[in-house]
Every structure is written in C-alpha cells, then in structure tokens.
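Numbering (our numbering), first residue to last: 93 to 247.
The beta-carbon is built from N, C-alpha and C at its ideal position, and this holds for glycine as well.
Because the structure is a prediction, the values reported are computed rather than measured.
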C-alpha cells in the first residue's frame, strides 16, 4: 500500500470517529511516570504484558484466512476507537500495519508511542498465537508519532 493510500485510510478513519479527551492528560502522565519510576525497558515490558491481558478480554474466533483475521481485529479496533490494521503475508512472516492509533502525547521524546507499540505487540502476539501460531513473537519495526506503526510476526 503506498503512502498516499495509507494517509487516506487514516484520514477516513478519523472522520468517522469521535475523539474522547477525558483521559488524555491522565494517561499521558501515567505512562511518563511509569517510565520514570520503573525504567524505560521495564515499563515497555509492562505494557506488552497489558496487551496480553487485554487480548484475553477481547477474544477472537478462529479465522480461516489472514483477511478474516484482519477483519475480526479491525472490528475490535473500530469499537475501541483504536485505528485500523492491515495484514500482509510475506515469505517467512506477517507484517502488520496499524494506523490511526490513539496518540495521547505528541511531545518529542515522550514514551507514549513506544508504550502504545508495546501494548499492541502484546495484543497482536496473543491473538496470533490463539490462531495456532505457536510461540512466535510480534516485534515492533516502527513507532513514530503521526505515522502508522509497523510490526512483524515470524521467525
């Protein structure tokens, strides 16, 4: 998918959603403080763990196709107002593009994009393992403010 198509998809998503700001400052401060108190790596591992737990609360039916899995996950994202995902099968892995993710803090150097990416790593990992993927991990490739996040699942 080219950059213009990705931008158009994110803009269309944002036009359809209502942005709720009641938790924005609280969550931004919470993430920053967790990073300060427990250290960056430990706090990111905590968010990955939270992603696993959240996936347990948001179960997926077994899907026969990658497209079906993408649609099932996007149903959760629409309900939660957490953006959209696009799956792409590669030779030895699946790449996941996650756009229009909740950006609570856009200040340079803030921990929010990495915390959100870690949370999504945990969610996608648990969901893919639940589809019969075994103990393969999901890894974040890119996580920058204003851009879709990219993840890979494979060896």
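Annotation for residue 215: 143, 146, 147 place their beta carbon closer than 7 Å to its own, counting only its chain and skipping 5 residues before and after.
In the DSSP assignment, residue 245 is bridged to 186, 230. When DSSP states are grouped into helix, strand and coil, residue 191 belongs to the strand group. Bounds of the beta strand (DSSP E) holding residue 176 are 176-181. In terms of Cα proximity to residue 196, the closest of 129, 245, 238 is 238. Here residue 206 is not near residue 119, since their CB atoms are 8 Å or more apart.
Around the Cβ of residue 127, a 10 Å sphere holds 16 or more other Cβ atoms; the residue is buried. When secondary structure is reduced to three states using DSSP, residue 222 falls in the helix class. Straight-line measurement puts the Cα of residue 198 at about 25 Å from the Cα of residue 165. With contacts defined by Cβ atoms closer than 8 Å, residue 209 and residue 241 form a contacting pair.
Taking a contact as a CB-CB distance under 8 Å, the pair residue 174 and residue 151 does not count as one, their CB atoms being some 16 Å apart.
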